[in-house]
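Undergrad: Take this structure, written in structure tokens, and hold onto it; I'll ask about it next.
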Amino acid sequence: MDFAPVRAEARHVAPDTREDRKSAGVLRLILLGIILLGAGGIALHQYRGVAADYLATVSDRLPVFNLPEISRPVINREINTVRLDSPLHRLTGEEVRTLLARYTESGFLGVDVQDLRDELEQNPWVAHATVRRVWPDVLVVSIREQQPIARWGEAALLNESGDVFAPPLRGFESALPALDGPAGSEALVLTQHGIFSQTLAPLGMVPASVSLSQRGSWTIEVEGGPVLRLGRDDVMARLDRLVAVYRSGLQDHLADARTIDLRYGNGFSVSKNTVVADAVARR
Numbered sequence: 001m002d003f004a005p006v007r008a009e010a011r012h013v014a015p016d017t018r019e020d021r022k023s024a025g026v027l028r029l030i031l032l033g034i035i036l037l038g039a040g041g042i043a044l045h046q047y048r049g050v051a052a053d054y055l056a057t058v059s060d061r062l063p064v065f066n067l068p069e070i071s072r073p074v075i076n077r078e079i080n081t082v083r084l085d086s087p088l089h090r091l092t093g094e095e096v097r098t099l100l101a102r103y104t105e106s107g108f109l110g111v112d113v114q115d116l117r118d119e120l121e122q123n124p125w126v127a128h129a130t131v132r133r134v135w136p137d138v139l140v141v142s143i144r145e146q147q148p149i150a151r152w153g154e155a156a157l158l159n160e161s162g163d164v165f166a167p168p169l170r171g172f173e174s175a176l177p178a179l180d181g182p183a184g185s186e187a188l189v190l191t192q193h194g195i196f197s198q199t200l201a202p203l204g205m206v207p208a209s210v211s212l213s214q215r216g217s218w219t220i221e222v223e224g225g226p227v228l229r230l231g232r233d234d235v236m237a238r239l240d241r242l243v244a245v246y247r248s249g250l251q252d253h254l255a256d257a258r259t260i261d262l263r264y265g266n267g268f269s270v271s272k273n274t275v276v277a278d279a280v281a282r283r
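Residue numbers for the sequence shown follow the UniProt record's numbering, so the first one is 1 and each next one is one higher.
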């Protein structure tokens, strides 16, 4: 009997049978796992209170570690330094400190630099201000102060642009020239003061005050000297006439003049202090 075909058949059939058995075993294991999970879920649901008590008991027995506190980085730091980039001549340090104190309390990121700048510029002595942060805790403030070059009216000042500002006076303002005129004439009066100063400088005269009346008449008060009344028309021609008289050698006759009225077509009148003195003496 030839067994070769039988053995050959056995070799071809047996592997299929083993694979089927393995597949069946895997299926049984999967089914068993599903059954066990379901049973466990039912049991856990039924006895969840007992399980919770047990877990709580176990957790109470676990060691407790007190970890050291780790300092976290603070982004909004306190402002430790306020640096002024420019020297102060008109403002006082106390004025600036009082203002900054209300803003620095909110911290490095909390400070509103725009509001701080706006409030700084509300001070009449401040022409322009900038505020910027420098990480991590520095505030840099730069202030450009007003530069007064003349007094205006009773209590105001003029800067170099002819703008009026009315700060709290510091006392030095009394040495500035006094200018006055109608509202809106500030730049004109300031410019004319410069022209008058240049014209009178060769005579050693310094305009202590220049005023423009509502009707447009100009008056100059010379420092330590007379009052010059120029009127409204041909103002510079009239002033040039006075300069010519001084240069002609007649300045000694005008040394004690109190008022020189130049509002004439071809000359001027002089009111002297001696006349006033004689008049007072005769009374």
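Virtual Cβ for every residue (Gly too), placed ideally from N, Cα, C.
How would you call V134, buried or exposed, if buried means at least 16 neighbouring beta carbons within 10 angstroms?
TA: Answer is exposed; the Cβ neighbour count stays below 16.
Undergrad: Is H89 helix, strand or coil when you go by DSSP?
TA: The answer is coil: DSSP assigns H89 none of H, G, I, E or B.
Undergrad: Grouping DSSP H, G and I as helix and E and B as strand, with all else coil, what is S142?
TA: In the structure shown, S142 sits in a strand (DSSP, three-state: E or B).
Undergrad: Just the C-alpha distance for N266 and T199, rounded to the nearest angstrom, thanks.
TA: Answer to the nearest angstrom: the Cα atoms are 19 Å apart.
Undergrad: Checking 8 Å against the spacing of the C-beta atoms, do V164 and E145 come in under that value?
TA: Not a contact, by the Cβ cut-off of 8 Å.
Undergrad: Decide if A101 is buried, meaning its Cβ has at least 16 other Cβ atoms within 10 Å, or exposed.
TA: With fewer than 16 other Cβ atoms within 10 Å, it is exposed.
Undergrad: Taking the alpha-carbon of V210 as reference, which of T219, G110, V243, G204 has the nearest alpha-carbon?
TA: Closest option to V210, Cα to Cα, is T219.
Undergrad: With 16 other CB atoms within 10 Å as the buried threshold, where does D180 fall?
TA: By the 10 Å Cβ count, D180 comes out buried.
Undergrad: Tell me the rounded alpha-carbon separation between P202 and D240.
TA: One C-alpha to the other measures close to 12 Å.
Undergrad: Going by C-alpha distance, which of A244, A208, Q122, W152 is nearest E95?
TA: It is Q122.
Undergrad: What residue range is occupied by the uninterrupted alpha helix (DSSP H) comprising V189?
TA: Element bounds for V189: 186 to 200.
Undergrad: With V189 and P207 assumed to form a contact (beta carbons below 8 Å), what rounded beta-carbon distance in angstroms separates them?
TA: The pair is not a contact, with the Cβ atoms about 11 Å apart (cut-off 8 Å).
Undergrad: Quick one, are the C-beta atoms of T104 and V113 less than 8 Å apart?
TA: In this structure, V113 does not lie closer than 8 Å to T104 by Cβ.
Undergrad: When you compare each of V131, V270, H128 to V227 by their alpha carbons, which one comes out closest?
TA: Ranking the options by Cα distance to V227, first place goes to V270.
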